[in-house]
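Asks: The numbering of the sequence shown is the working numbering, which starts it at 1313 and goes up by one.
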Amino acid sequence: MLVLDLVYLLAMLLLAPWIVWRAVATKRYRRDLAAKLLGHVAVANRAKRPFAWFHAVSVGEVNLLGTLVPAFRKRHPEWGVVVSSTTDTGLAEARKRFADLSVIPWPLDFSWAVRTALAEVNPSLIVLTESEMWPNFLRKAKRRGSPVVVVNARMSPRSFRRLRLVAPLARWLLFGKVARFAVQEAEYETRFRELGVAEEKLVTTGSVKYDGAAGERDTPKTRELARLLAREGNLILLAGSTHAPEESIVLVAFAKVRIRHPELKLILVPRHPDRFEEVARLVEQSGLSFVRRSQVHEPLGAIPAVVLLDTVGELGAAWGLAELGFTGGSLDGHRGGQSMIEPAGYGVPCVFGPHVWNFKDAAKRLVEVGGAVMVKDAGELEVQLDRLIADEPLRVRMGAAARELVRRQQGATQRTLDVLDEVLAEGLTPALRPAAARTRPHPPAAGILSVPSPASRGAAPNP
1313 MLVLDLVYLL AMLLLAPWIV WRAVATKRYR RDLAAKLLGH VAVANRAKRP FAWFHAVSVG
1373 EVNLLGTLVP AFRKRHPEWG VVVSSTTDTG LAEARKRFAD LSVIPWPLDF SWAVRTALAE
1433 VNPSLIVLTE SEMWPNFLRK AKRRGSPVVV VNARMSPRSF RRLRLVAPLA RWLLFGKVAR
1493 FAVQEAEYET RFRELGVAEE KLVTTGSVKY DGAAGERDTP KTRELARLLA REGNLILLAG
1553 STHAPEESIV LVAFAKVRIR HPELKLILVP RHPDRFEEVA RLVEQSGLSF VRRSQVHEPL
1613 GAIPAVVLLD TVGELGAAWG LAELGFTGGS LDGHRGGQSM IEPAGYGVPC VFGPHVWNFK
1673 DAAKRLVEVG GAVMVKDAGE LEVQLDRLIA DEPLRVRMGA AARELVRRQQ GATQRTLDVL
1733 DEVLAEGLTP ALRPAAARTR PHPPAAGILS VPSPASRGAA PNP
C-alpha cells in the first residue's frame, strides 16, 4: 500500500539519527539489512510441497516455537517449514534451535519487501506468535491466499486501550486479514472480540509456554554451568529477564539480604543483550564481587556474590541452578512482566512485581496455588526475599506447587495444532491439505475437524 510505504519512509527519515546512533552504540540493525529492506531471503530445499512460515519476534518467541515447530513437523512430516525472527538475538537463537531449517530475517513492512519475501517462501500457511501483525504483510498474504494464524495471541491492557481508539482502522488493516487467533486466555479473547474480531476467528487454546517449560534440572547445560560457577554449597537467587531500573532494585535488596544470609549468591540476567555493558557497570558500582559469564571459560575457585549472565541462550540452564527467583519487567510499570512459567516448570519459587499483564493469568494462578509471591514495590521485594531465604521448607512447597501447576496446564500445543489444521482444511485444495485432514472420517471423534465450535470453545483446563 503506497500510503503505508510513504508513512514508513517518513518515519525512517525522522528516526534516522537515532537508528544510526543505536547501530553504532549497540551494533543492532546492521545484520541482514538488505534482506529486511528488499525481502530477498534464501529458502533451501524448495521441493514441490507446501511450506509453513513460522515467525517469532525475538528470543522469547523463538523459545515458544521450539515447542510448536517440532510438534507441527511431527504431525505433518510432508510439509516444509521456514522460521523467521525480527531481532538479531532472535535470529541467532533460531539458527541454533532450527539448524536443519531455513531461518530468515523478517522483512520490514514495505510492500516491495513483503511481496518479495512471500514470493521466495511461497507459504501455504503463516503462523505469527503472540502479537506481531503488520498491515502490508497481512494484506499481501491474504492477496496470495496464504492464511495467517496468530498463535499464543495476547492483547495487553495498553494495546487494547490504544487499538480501541482506532478499532475500525485496526479491523481493516489487521484483524480482518487474519484467519484465526489462537488466544492464550479468555480475557484476551474478550478484548479481541470487543475490538470487532469475529467470534468464529477466536479460539482460546491456553499458552504454549506451559508446554515449553522444562522440568528437568539435571541437564548437560545446567551441569556445565554449575561446574564453571562452583555452584556447590551456595543458595542461588536468579533475577531473570530484568529491565531498567530493576537491576538496581535487585542489587540493593540482594546486598541487604546477604548481610543476614552470606551463603546467598545472585545470578543477574538482563532481558536485552545491548544492556549487558550498562548492567556490568551497575554491578561494579555496587561494590559486590562479581564475574561476567562471558569471561568464565574455566571453573571458578569460588562463585562471587554476583554472576552477570551476559550470554544468550543460557537462561534455562541457569534456572536449573536456582532455589529462588525474581522475574523481571514486573516492577518498572512499562513492560507487563516477563514469563514466570519457565522458572515454575523448574520448581523455582518466584517473586515478581504487580505489573504482569503480559502473563496475568499465569501470575494469578501461581499466586493462588502458592507457587509465587507478588510484591507491590522494591521495599516489599526485600522483605519477601528475606522471608523465603530463611524458610527452606516454604521454598520447597512453593516450588512443588509451581511445577504441578505447569504440569496441569500443559496441552496448548496440541490445541494450537488443531486450530492450524482447521484453517488448512478450510482453505487448501485436497492435494495440499495435511494428511490428518484428508484421512480422518467425518465427523471425527477427535482431531482437526473436532475443534470446538465458536459457541463451545473454551480455555485450557483450570487447576
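Just so it is clear, CB atoms sit at the ideal spot from N, CA and C, and this is done for glycine as well.
The structure displayed is predicted, hence computed values, not measured ones.
Just to confirm before moving on: does the CB-CB distance between F1504 and M1445 stay below 8 Å?
Replies: No.
Asks: Taking all protein chains shown into account, do 16 or more other C-beta atoms lie within 10 angstroms of the C-beta of N1464, making it buried, or fewer, making it exposed?
Replies: Its Cβ being crowded by 16 or more others within 10 Å, N1464 is buried.
Asks: Is it right to say D1645 is buried, meaning 16 or more other beta carbons lie within 10 angstroms of its own, or is it exposed?
Replies: Residue 1645 is actually Gly in this sequence, not Asp. Result: exposed.
Asks: Let me check understanding here. Comparing Cα to Cα, which of Q1726, W1365, V1394 and G1739 lies closest to A1494?
Replies: The option with the nearest alpha carbon to A1494 is Q1726.
Asks: Tell me the DSSP bridge mates of I1653?
Replies: Partner(s): none; I1653 has no beta bridge.
Asks: Return the first residue and the last residue of the alpha helix (DSSP H) that K1513 is part of.
Replies: Counting along the chain, K1513 falls outside any alpha helix (DSSP H), and DSSP gives it neither H nor E.
Asks: Just confirm the distance between the C-beta atoms of V1460 and V1490, as a whole number of angstroms; I'd bet it's less than 8 Å.
Replies: Their Cβ separation, rounded to whole angstroms, is 5 Å, which keeps V1460 and V1490 in contact under 8 Å.
Asks: Considering only DSSP beta bridges, list what T1554 is partnered with.
Replies: Answer is P1582, bridged to T1554.
Asks: When you compare only the Cα positions, how much space is there between V1426 and R1456?
Replies: Near 11 Å, if we compare the C-alpha coordinates of R1456 and V1426.
Asks: At which residues does the beta strand (DSSP E) containing F1671 begin and terminate?
Replies: Run containing F1671: none; DSSP gives neither H nor E here.
Asks: Enumerate in chain order the residues of its own chain whose CB-to-CB distance from L1475 is below 6 Å, with the five nearest sequence positions on each side excluded.
Replies: Correct list, in chain order: A1482 and L1507.
Asks: How would you label W1330, buried or exposed, when you count the other beta carbons within 10 angstroms and need 16 or more for buried?
Replies: By the 10 Å Cβ count, W1330 comes out exposed.
Asks: Helix or strand or just coil, what does DSSP make of P1480?
Replies: Correct three-state label for P1480: helix.
Asks: Looking at D1698: is its Cβ nearer than 8 Å to the Cβ of V1569?
Replies: Yes. Within cutoff.
Asks: If you count every other CB in all the chains shown that lies within 10 Å of the CB of I1571, and 16 or more means buried, which is it?
Replies: Per the 10 Å Cβ criterion, exposed.
Asks: Which partner residues does G1392 have in the DSSP bridge list?
Replies: Paired residues: F1363.
Asks: Please check the pair A1634 and L1540, which I expect to be a contact at CB under 8 Å, by giving their CB distance rounded to whole angstroms.
Replies: Actually they do not touch by this definition, with Cβ atoms about 16 Å apart.
Asks: Mapping DSSP to helix, strand and coil, what is I1416?
Replies: Three-state DSSP puts I1416 in a strand.
Asks: Have a look at R1604 and G1682 and give me their C-alpha separation to the nearest angstrom.
Replies: One C-alpha to the other measures close to 33 Å.
Asks: Just grab the DSSP bridge partners of R1576 for me.
Replies: It should be pointed out that residue 1576 corresponds to Leu in this sequence rather than to Arg. Looking at the DSSP assignment, L1576 forms a beta bridge with L1547.
Asks: What first and last residue would you give for the beta strand (DSSP E) that runs through M1686?
Replies: A1684 to M1686 is the extent of the beta strand (DSSP E) around M1686.
Asks: Just tell me which of N1357, E1610, D1523 and E1536 has its CA closest to the CA of Q1496.
Replies: Out of N1357, E1610, D1523 and E1536, D1523 has the C-alpha closest to the C-alpha of Q1496.
Asks: Straight-line CA distance for P1742 to R1385?
Replies: The predicted position of P1742 is uncertain, since its pLDDT is 43 and thus under 50; no value can be drawn from it.
Asks: Which residues mark the beginning and the end of the alpha helix (DSSP H) in which I1701 is found?
Replies: Counting along the chain, the alpha helix (DSSP H) containing I1701 begins and ends at A1690 to A1702.
Asks: For E1528 and Y1658, I'd like the C-alpha separation in whole angstroms.
Replies: Those two C-alpha atoms are separated by around 7 Å.
Asks: Does DSSP put V1463 in a helix, a strand or coil?
Replies: In the structure shown, V1463 sits in a strand (DSSP, three-state: E or B).
Asks: Could you pull the start and end residues of the beta strand (DSSP E) that L1440 belongs to?
Replies: Unbroken beta strand (DSSP E) run through L1440: L1437 to T1441.
Asks: Grouping DSSP H, G and I as helix and E and B as strand, with all else coil, what is L1475?
Replies: DSSP places L1475 in helix when its eight states are reduced to three.
Asks: To the nearest whole angstrom, what separates the beta carbons of L1627 and G1552, a pair I think is in contact under 8 Å?
Replies: With 8 Å as the limit, L1627 and G1552 qualify as a contact, their Cβ atoms being about 6 Å apart.
Asks: Does the pairing of the region 1589–1604 with the region 1363–1371 give three or more beta-carbon distances under 8 Å?
Replies: Taking 8 Å as the limit for Cβ pairs, the verdict is that the region 1363–1371 does not touch the region 1589–1604.
Asks: In whole angstroms, what is the alpha-carbon distance linking L1380 and D1733?
Replies: Roughly 13 Å between the two C-alpha positions.
Asks: Spell out a yes or no on whether the region 1434–1452 and the region 1354–1365 are touching, meaning 3 or more CB-CB pairs, one atom from each, closer than 8 Å.
Replies: Contact holds: three or more Cβ-Cβ distances are below 8 Å.
Asks: When the Cα of A1617 is compared with those of F1664, E1610 and V1595, which residue comes out closest?
Replies: Taking only the C-alpha atoms, the option nearest A1617 is V1595.
Asks: Taking 8 Å as the threshold (C-beta atoms), are L1600 and A1567 in contact?
Replies: Cβ atoms of A1567 and L1600: closer than 8 Å.
Asks: When you compare only the Cα positions, how much space is there between L1636 and F1410?
Replies: Each residue's alpha carbon lies about 31 Å from the other.
Asks: Give a yes or no on whether the C-beta atoms belonging to L1621 and M1652 are separated by under 8 Å.
Replies: Their beta carbons are not under 8 Å apart, which means L1621 does not touch M1652 by this criterion.
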